[in-house]
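Down below is the structure, laid out as structure tokens.
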Amino acid sequence: MREKMRDKSRDDLAYALNLFGVKAKMSDRGRPEEKVENSWYQRSLGVIDISEGPIRWINILKRDRSKDSPPKWWVVMGIPDSIDISGSKEIRIKTVRKKNFPLFGKVFDVGWKGESGSTGLGSTLSIDQDVKMLSERLGNMEIKSHSNSNNCENCGEKRNGTSSFCVSCGGFLGFQGWTLVFDKRFTPSNKDWEVIWKICDYILSSPRSF
């Protein structure tokens, strides 16, 4: 009975990704990545590990139904970055979807706003037609930079590469990189995943003099 009642949004996304060749595997619960972008009103449904490509994990978040609001989901994609950005101002940009009629109108354009420093990400993404169409199909997106400890919380070993875990003892180093967050759950197509990779390429190739 408990298994039947369990929210299977994570299962469904992992299944959909595997259908078109993405090597996606549901992780054991309790992973530190479950805390990334997880606020007090949300709970993680668990992490999906991606074995290849710029996105290495996906955290599914949920706000449960309440008396005044329906349930809501977020899809948080983790994009590790080997470049230390700890001394830089946080980059945080999100989509602005323009509609021909407020609330229920059709989206006719998508732009980005927020703090992009000198990365130029806001301008770059705002003129990419594939990215615009992705947002029209899948909803709003937010990109944020993350900089955590470069030393292991257990043994003090310095970070080596993009892994969030210490190569010496396995301790958590904190997440260093970027998140791409969608504000609802979705079933991506192969084309959607290609555009998501394109966004990752923009992020990882952006200037780092923030």
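Position one of the sequence shown corresponds to residue 6 (the working numbering), numbered consecutively onward. Where a beta carbon is used, it is the ideal one built from N, C-alpha and C, also for glycine.
Identify which residue in the options has its Cα closest to the Cα of residue i.
i, options, result
"residue 180", "131, 151, 57", "151"
"residue 54", "68, 27, 74", "27"
"residue 184", "47, 43, 17, 111", "43"
"residue 46", "10, 131, 76, 17", "76"
"residue 139", "102, 110, 118", "102"
Just grab the DSSP bridge partners of residue i for me.
i, result
"residue 97", "120, 149"
"residue 79", "66"
"residue 29", "55"
"residue 48", "67"
"residue 184", "83, 149"
"residue 102", "115"
Helix or strand or just coil, what does DSSP make of residue i?
i, result
"residue 192", "coil"
"residue 215", "With a pLDDT of 48 at residue 215, under the threshold of 50, the predicted position of this residue should be treated as unreliable, and no value is reported."
"residue 59", "coil"
"residue 85", "strand"
"residue 53", "strand"
"residue 12", "coil"
"residue 179", "coil"
"residue 197", "helix"
"residue 135", "helix"
"residue 206", "helix"
"residue 111", "coil"
Report back the beta-carbon spacing between residue i and residue j to the nearest angstrom; my notes put them in contact at under 8 Å.
i, j, result
"residue 60", "residue 84", "6 Å"
"residue 124", "residue 211", "4 Å"
"residue 198", "residue 25", "7 Å"
If you pair each beta-carbon of the region 65 to 81 with each one of the region 27 to 36, do three or more pairs fall below 8 Å?
-> no
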